[in-house]
Each structure stands twice: as structure tokens, then as C-alpha cells.
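Following full-length UniProt numbering, the numbering of the sequence shown begins with 1 at its first residue and continues without gaps.
All residues carry an ideal CB built from backbone N, CA and C; glycine is no exception.
These notes concern the structure reproduced below.
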Amino acid sequence: MSIEKIRDFVSANQLEFLDPLYTLLRQKSISAQNDGVVDCANLVMEMMKELGITTQLIETEGHPVVFGELMDPANTFTLLIYGHYDVQPPEPLEKWESNPFEPEIRNARIYARGAGDNKGQLVAQLLGVKTYLETMGKMPINLKFVFEGEEEIGSIHLASFVEQHKELLKADLVYTSDGSLHESGSPTILLGVRGMLAIELEAKGADRDNHSGNNGNIVPNPVWKLLDLLETMRDKNGKVLIEGFYDNILPLTEYEKQLLKKLPFDKKSVGEKIGYPQLEMSGETYYRKLTMEPTFNICGVESGYTGEGIKTIIPSTARLKMDIRLVVNQDPIDIFNKIKAHVSLHAPDVQVTYLGSMEPSRTNAELEVVKTVAQAVHQAFHTEPLIQPAMGGSLPNYVWTKILELPSVIVPYANFDQGNHSPNENIKIHNFLSGIVCTAHVIHTLGKVAREN
Numbered sequence: 001m002s003i004e005k006i007r008d009f010v011s012a013n014q015l016e017f018l019d020p021l022y023t024l025l026r027q028k029s030i031s032a033q034n035d036g037v038v039d040c041a042n043l044v045m046e047m048m049k050e051l052g053i054t055t056q057l058i059e060t061e062g063h064p065v066v067f068g069e070l071m072d073p074a075n076t077f078t079l080l081i082y083g084h085y086d087v088q089p090p091e092p093l094e095k096w097e098s099n100p101f102e103p104e105i106r107n108a109r110i111y112a113r114g115a116g117d118n119k120g121q122l123v124a125q126l127l128g129v130k131t132y133l134e135t136m137g138k139m140p141i142n143l144k145f146v147f148e149g150e151e152e153i154g155s156i157h158l159a160s161f162v163e164q165h166k167e168l169l170k171a172d173l174v175y176t177s178d179g180s181l182h183e184s185g186s187p188t189i190l191l192g193v194r195g196m197l198a199i200e201l202e203a204k205g206a207d208r209d210n211h212s213g214n215n216g217n218i219v220p221n222p223v224w225k226l227l228d229l230l231e232t233m234r235d236k237n238g239k240v241l242i243e244g245f246y247d248n249i250l251p252l253t254e255y256e257k258q259l260l261k262k263l264p265f266d267k268k269s270v271g272e273k274i275g276y277p278q279l280e281m282s283g284e285t286y287y288r289k290l291t292m293e294p295t296f297n298i299c300g301v302e303s304g305y306t307g308e309g310i311k312t313i314i315p316s317t318a319r320l321k322m323d324i325r326l327v328v329n330q331d332p333i334d335i336f337n338k339i340k341a342h343v344s345l346h347a348p349d350v351q352v353t354y355l356g357s358m359e360p361s362r363t364n365a366e367l368e369v370v371k372t373v374a375q376a377v378h379q380a381f382h383t384e385p386l387i388q389p390a391m392g393g394s395l396p397n398y399v400w401t402k403i404l405e406l407p408s409v410i411v412p413y414a415n416f417d418q419g420n421h422s423p424n425e426n427i428k429i430h431n432f433l434s435g436i437v438c439t440a441h442v443i444h445t446l447g448k449v450a451r452e453n
């Protein structure tokens, strides 16, 4: 069988397969700081060229996109593989047990910045292509690759890139490997993502900080101004009170509800792994809240003095940053305008600043191509995959489903506790190798179905 040939090849070459991953992990590519990004893009290009992939570096107004093709006119199906080569900053460095840019193996895991998010999974995709070519020969489908360098800063220019290159990006399915397997360790197929809107609220009091005794009750405190505003925006049960916030949300289909009910849930284990052992909710509530409901999160607050001891001042400014996760049919710009209207009504002197956004996305779970990928993943991992209508986080998936109007599946390869964006980020070696097997077998299965049709 093809799957056994693929597994045997990966097993025989597992040490060799670590080399390109180590090379990529050693190369910095911190998009937020523009540190090593272009060098990393060129490195990815070289890796692709070694596999016979026709590549080009396509400039954007920000960091470049690495595009590649492996095409045969005789093939009738085209798979577009997406990933990103940029990483988050490694800070706080003192929390790392090893150099974040010098991969180290501990407890059968590779530790480095980008090991799980997303270099480990990107390399697994490329080595899956290599594995198929070495074991099965000629590609049964056409492959296109889009590896961007701005995912960690919101994929700022990916939408414009896709808009400008629609013809180049024509395909039948988009395949992404990013994120984590399910907490249970089961393989997962994610069919959508929540969107995101990032904003800042700023309130001002006096022109400068004031003595809290000499001018207390005289000079207004902008922190209270923001607190009073927040009370009008969200109730104590978490319901957002902004007019029209929940309008247009696309309800779950009956099939999607059944998929959510099938997802396993170990409350104690999840609580421990996210560092919140007090977690109290059912599995159904957990998945609904995590993937199918919007959030209204405060992710940063800045005002006054927060050092050792106390400094008795009335601060002159107060700022808070929010990331608001959105679900299908919530438009980020529409939500931003509704927030501005609400603030204008309740606190007209508070400034609202748009920081960025990403649209939500969801692919129909009942498509035949989704079932084909599920079959391939099942065989690759020896376990039936969990199919999740959406993930809790945000990826620029809408550029495929909305701009290109293509179905899109996300098949994560990294372990649930990969620690992405945190110190000691890692990927289990088993997960990395399984990702290679999975990529190769997805290619094989899609090719088989394409020939039959």
C-alpha cells in the first residue's frame, strides 16, 4: 500500500529530515521586528527548488511571499498549500531553557522559536512532497505553494496579494497546516477560523499627571472614564451590549452541531494545560464558546504607575487594547463602526483607534473534498480525525474562501502543548514526522479520487 511505503520512507529518513528543519529554525524571521525575514524567505525558496518546485519571491508592500508550483498539464486537480515562515519575538528570553534560535531536543521534542508555529509544519509539508516523489514517483495532482512572512503580524498584505494574483492562485482546495492537534492528541481537521478586530481605547484627563492628594476630586481620572465606558459595553455574564454586535451571525447547521458534540473534552486536563484548573463548563459549552461565539477581550491596559511600591498620582492618560474575535458573517469594519458609535454615545471624548482586523471564515463540512481529506488523515494518523467547524484562533483563511471562493481545510501537525508564542515553544518529533506522512498521503488520496472522477 502507498501509506506503508510512505511510512517506511519517513522512518528510514527521520534523522536526515531534521536537518532542513534545524536550518530553518536557526534563521531568525521575526516579522514584528523585520529581523531576518527576507533571509528566511530566500532559505525557504532554496529548499523548494531542491524539490524541483518552480519558485519566485513576490514582493508586497511588506514582507515577501514565497510562491511555488509543481505543475503537470495532465493533472486535473490543484492543491494550494499555505503556510508562514515568520515567527513571534522570543521574549522573555530568561524564560527559555535553551537558545530560541538554536534547536535542542529534550524529551523527544524539538525546542526553538517557530518549531510548532509554523516552521516545523511548513517543513513537514515540503518533506511530504519530497516523500511522495521519492516513494510514488510522478505527482498525481498539481501543487501550488504560498508561504507568507506576515502571519504573526496579522497577514497585513496577504489579501491584496491574493486579489492581485487570482489567476496565479487558481486551485481546487487550500490546505493549511498550522495550529495544534486536539488536546486529546487526536488529529483534527479545522474548517474555519474566527476573525479578529484589534482596537485601542484612550481616555485623557489633565494635560499632565497630578498629585492625588493636592488635586484629588478636582482633576478627572481617565482610568475611571474607561471603566465606566466598559460597563456599558459588556454585562457581567459576558454579553456584549453594543447595538447590532450579534447581527448577521451565521447559525450552525445540524451537521456542524453533531460534529461539535463528537469532540472529546477532559475538563481537568484542559484546565491544567491552559493554566486555569478552575475551569467549570461542559464540553458542549466549551467548544461552542471557543469556536462559534465572538469574544470581547481586553488584552492590555496602560495607565499610571505600576512599579515597586506606590506613586500617588492621578494619571493623565489611560489606554487599553482589545482583540475581539468574530464569527462568520460578522464584518470587522462593521463591528468597528458600531463600537465607535457606542463610544461616541457613552464617552464621546474617548478616542477609538483601529489597529487591524481579519475576517472570519468557514468551509462547508459536507463537501466531498472535505471527506476525502478526512479519509487521508484517518489513514495517515491511524485515528479518525475530529472535524471541527472552526478553530478558536484567527488565520487569514478568508482570503481563500471569500476572495478565491475555494474550500479550505486546516490540518494541524503540532502538539496541543506546543507553547507557540511562548518561551520553550516546541514540536514533538513524532508529530513532525507524522505531518510528513500526512502531507504525502493527502496528496496521494486527492490524486486517486481525481483520477477516479
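- In the displayed model, Leu197 falls within a strand according to three-state DSSP.
- In the structure shown, the three-state DSSP call for Gln33 is helix.
- By the beta-carbon neighbour count (other beta carbons within 10 angstroms, threshold 16), Thr55 is buried.
- Annotation for Glu104: the continuous beta strand (DSSP E) segment containing it runs Glu104 to Arg106.
- Cβ contact annotation for His211 (same chain, cutoff 8 Å, sequence separation greater than five): Thr312, Ile313 and Ile314, in chain order.
- Short of 7 Å from the beta carbon of Asp209, and not among the five residues preceding or following it, lie these beta carbons of its own chain, in chain order: Ile313, Ile314, Pro315 and Ser316.
- Out of Val162, Val377 and Val87, the CA that lies nearest to the CA of Ile30 is found in Val87.
- Around Lys236, the same chain offers no residue with a beta carbon nearer than 8 Å, after the five sequence neighbours per side are excluded.
- For Arg288, the CB contacts under 8 Å within the same chain, skipping 5 residues up- and downstream, are Leu260 in chain order.
- By the criterion of a C-beta distance shorter than 8 Å, Cys299 is surrounded in its chain by Lys321, Met322 and Asp323, once the five residues flanking it on both sides are discounted.
- In the structure shown, the three-state DSSP call for Leu126 is helix.
- In this structure, DSSP gives Asn364 a state outside helix and strand, which the three-state scheme calls coil.
- The beta carbons of Val174 and Tyr82 sit about 6 Å from each other, so the pair counts as a contact at 8 Å.
- The C-alpha of Ala318 is placed about 42 Å away from the C-alpha of Arg109.
- Listed in chain order, the non-local C-beta contacts of Ile403 below 8 Å within the same chain comprise Ala159, Val162, Glu163 and Lys166, local neighbours out to five positions each way being set aside.
- In the structure shown, the three-state DSSP call for His211 is strand.
- In the three-state DSSP reduction, His84 falls in the strand class (E or B).
- Residue range Asn297 to Ser303 is occupied by the beta strand (DSSP E) that includes Glu302, with no alpha helix (DSSP H) assigned at that position.
- For Ala318, the enclosing beta strand (DSSP E) starts and ends at Thr317 to Leu326.
- By DSSP's assignment, Ile313 forms a beta bridge with His211.
- The residue from Pro389, His346, Asp117 and Asp349 with its alpha-carbon nearest to that of Pro423 is Asp117.
- In the DSSP annotation of this structure, Asn221 is not part of any beta strand (DSSP E), being labelled neither H nor E.
- In this structure, DSSP gives Glu152 a helical state, which the three-state scheme calls helix.
- In this structure, DSSP gives Tyr286 a helical state, which the three-state scheme calls helix.
- Just measuring C-alpha positions, the residue of Asp39, Leu127 and Lys28 sitting nearest Leu15 is Leu127.
- Inclusion of Ile429 and Gln418 in the CB contact set at 7 Å is not warranted, their separation being larger than that value.
- Assignment of Met71 by DSSP, reduced to helix, strand and coil, places it in the coil class.
- With a threshold of 16 other beta carbon atoms within 10 Å, Leu169 meets it and is buried.
- Here Glu280 is exposed. Its C-beta has fewer than 16 other C-beta atoms within 10 Å.
- In the DSSP assignment, Gln14 falls within the unbroken alpha helix (DSSP H) covering Gln14 to Arg26.
- Taking C-beta separations shorter than 8 Å and ignoring five residues to either side along the sequence, the partners of Gly238 in its chain run Phe296, following chain order.
- The criterion of a C-beta distance shorter than 7 Å is satisfied by Thr135 and Phe9.
- Beta bridge pairing from DSSP links Met391 with Val193.
- Residue pairing from DSSP places Leu143 in a beta bridge opposite Leu70 and Leu79.
- In the DSSP assignment, Arg451 falls within the unbroken alpha helix (DSSP H) covering Ile429 to Glu452.
- Taking 8 Å as the upper bound for CB-CB distance, Tyr132 and Ala380 are not in contact here, some 12 Å apart.
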